[in-house]
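Data first, discussion second: the structure below is written as C-alpha cells.
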Amino acid sequence: MLKKIIIIFLLLLVVISLYRLFYKVKDSSHSITIKTTETKSAWVGPSHFQIPLHTNKKGELIQYGYELIAHTALYLGPKGSVQHSTNGMNCQNCHLEAGTKPWGLNYGSVFSTYPKFRERSGSIETIYKRVNDCMERSLNGKALDTGSKEMKAIYAYIEWLGADLPKSKKVNGSGIEILPYLSSPANPSQGKIVYIQNCQKCHGVNGEGVLDSTGKMYTYPPLWGKHSYNDAAGMYQISKLAGFIKNNMPNGINYHTPTLTAQASWDVAAYINAQSRPTKDKSKDWPVLATKPIDYPFGPYADNFSEAQHKFGPFEPIASSRKKNQ
Ligand code: HEC
Ligand code: HEC
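Below, the structure written as C-alpha cells:
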C-alpha cells in the first residue's frame with residue numbers, strides 16, 4: 542500500500558515538474574525584445590477614469606469638462622441639452638481620447654504654456670480664448686461665455702490633465718506632428734483615390750459623416766460640407782490636417798502604426814481641403830503678415846509665392862526664403 546502511495550506521489554511530482562517546465566519554455570518564447578527608433582517617449586495624460594470624482598465639487602466639474610469634450614454635441618450641438626451653438630461635432634473627434642492620445646491633438650502642453658502670445662490674433666491668449674477659437678472655427682459655432690459652467694468645466698478638465706507639468710514645459714506628443722515637406726505640390730486627384738480606398742466607408746461619399754441612431758452625435762464626423770470645421774480652423778492648414786491623418790487615421794491606428802505614407806497623407810489632406818465648407822471672417826487674423834504660417838491658404842502674403850503654392854506646396858522654397866529674410 543505504502544509503496545503504491547509513494548509511486549503515485551512520485552508520478553505526480555514528475556507531472557508537475559514537466560508542466561512547469563513546459564510553461565517556462567512557452568513564457569520565454571513570449572518574451573519580446575523592444576526595438577524602437579523613438580528617442581523620447583510620448584506624454585499620455587491621466588485617463589478620465591482617474592478623475593477624483595466624489596471627493597469634492599472640483600471632481601464633478603472636471604468630470605463635466607471631460608463629458609463636454611468627449612460628447613460635446615449632446616450638450617452644445619444642434620440637438621444639445623444646454624444650448625444649440627455648434628455644428629454637432631465633438632471636441633474629441635479631433636482631440637482624440639479627450640486630448641490624451643499622443644500626436645492626436647493632445648492637450649498635454651495647454652495648461653503649462655497658456656496664457657501665451659499667439660500670432661493669429663496678435664494678442665496674449667488665455668485658455669478660455671483658445672477654447673473659444675475652436676468653438677468658433679473647428680465647431681463653426683458661437684463662443685461660450687467665460688463665466689458659464691461649461692467653460693469653467695472645460696478649463697478644469699484641461700487644468701487637471703496638465704497640472705503636473707512645470708510651467709512652459711512642452712511635452713512630446715502634444716498637438717500635431719508636422720510631416721516633412723514634399724518636393725512637389727500635394728495632389729488632390731491622387732488624394733481622392735486615397736480617400737475612396739481608405740476613408741469613404743466611414744466618412745461618406747460626400748465627406749458628410751454618419752450620425753448615430755439618436756441623431757444627436759456623429760459616429761463618423763464630417764470632413765467637409767456645412768457641418769464641418771470652417772475655413773478659419775487649424776485643420777484648414779494642410780500641414781496640420783496631413784499630420785493628424787498620418788498618425789491617427791483610418792481611426793484606430795496610432796503614431797507607431799501608421800498605414801498611410803506621408804505622400805498619401807498630404808494628398809488626401811489636399812483633397813479634403815479642396816472641398817467646400819463654411820466660411821468665417823478672417824480679416825483680423827495674422828495682423829503681422831510675415832507671421833502667417835506658410836500653408837495658410839489665403840493671401841495677402843509678405844512674400845511673392847502664389848496662393849496656390851501656399852495652399853498645396855511645395856513648401857520648402859517658401860520656408861527657405863523665409864529663413865533667408867530673417
Ligand atoms: C475639427 C477639429 C477640431 C475640433 C472639433 C476641435 N479642435 Fe481644438 N484644435 C484643433 C486644431 C487643428 C488645433 C491647433 C493645433 C496646433 O496648432 O498644433 C486645436 C487647438 C486647440 C487648443 C490649443 C492646443 C495647444 O496645444 O495649443 C485647445 C485648448 C483646443 N483646441 C480646445 C478645443 C475644444 C475645447 C474643442 C471643443 C469645444 C475643440 N478644441 C474642438 C482642431 C479641433
Ligand atoms: C473605421 C472608420 C474610419 C475610417 C476608415 C477613417 N476614419 Fe477618420 N474618423 C473616424 C472617427 C470615428 C473619427 C472621430 C474619432 C473620435 O471621435 O474618437 C474620425 C475623425 C477624423 C478626423 C477629425 C474630425 C473631423 O471630422 O474633421 C479627420 C480629419 C479624419 N477622421 C480623416 C480621415 C481620413 C483622411 C481617413 C482616411 C485616410 C479616415 N479619416 C478614415 C473614423 C474613421
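Going by this note's numbering, 615 is the number at position 74 of the sequence shown; the sequence numbering is gapless. Where is the CB? At the ideal position from N, CA and C, for every residue including glycine. None of the values given here were measured: they were computed from a predicted structure.
> Where G748 and N597 are concerned, what is the direct C-alpha to C-alpha distance, given to the nearest angstrom?
Replying inline: 43 Å
>> Alpha carbons only, please: which of A849, G645, E660 and F839 is nearest the one belonging to G793?
In response: Taking only the C-alpha atoms, the option nearest G793 is G645.
> Mind checking whether the beta-carbon of P834 lies closer than 6 Å to any heavy atom of ligand 2?
Replying inline: no
>> By alpha-carbon positions, which one of Q804, H625 and F846 ends up nearest to I719?
In response: Q804
>> Less than 6 Å separating the Cβ of G775 from some heavy atom of ligand 1?
In response: yes
>> Below 6 Å, is the gap between the Cβ of P819 and the nearest heavy atom of ligand 2?
In response: no
> So F658 is in the beta strand (DSSP E); what residue range does that whole segment cover?
Replying inline: K657 to R659
> Which of the three DSSP states, helix, strand or coil, is assigned to L752?
Replying inline: strand
>> Can you look up I719 in the DSSP assignment and give me helix, strand or coil?
In response: In this structure, DSSP gives I719 a state outside helix and strand, which the three-state scheme calls coil.
> How far does the beta strand (DSSP E) with T877 in it reach, from first residue to last?
Replying inline: The first residue shown for the chain is 542 and the last is 867, placing residue 877 beyond what the model contains.
>> Can you list, in chain order, the residues of its chain with a C-beta nearer than 6 Å to that of L680? Leave out the 5 residues immediately preceding and following it.
In response: When the five nearest sequence neighbours on each side are left out, the beta carbons in the same chain lying within less than 6 Å of the beta carbon of L680 are those of T627, N628 and M630, in order along the chain.
> Which residues mark the beginning and the end of the beta strand (DSSP E) in which S664 is found?
Replying inline: S664 to E666
>> Relative to the C-alpha of A774, which candidate in K642, D705, N814 and K545 has its C-alpha closest?
In response: N814
> Do I592 and V651 have their C-beta atoms closer together than 7 Å?
Replying inline: no
> How far does the alpha helix (DSSP H) with F785 in it reach, from first residue to last?
Replying inline: I779 to N789
>> Under 8 Å, with one C-beta from each stretch per pair, do the region 652 to 664 and the region 705 to 712 reach the 3-pair mark?
In response: yes
> C632: beta carbon under 6 Å from a heavy atom of ligand 1?
Replying inline: yes
> Which class does N739 belong to by DSSP, given the choice of helix, strand or coil?
Replying inline: helix
>> Based on DSSP bridge pairs, tell me the residues matched to N792.
In response: I794
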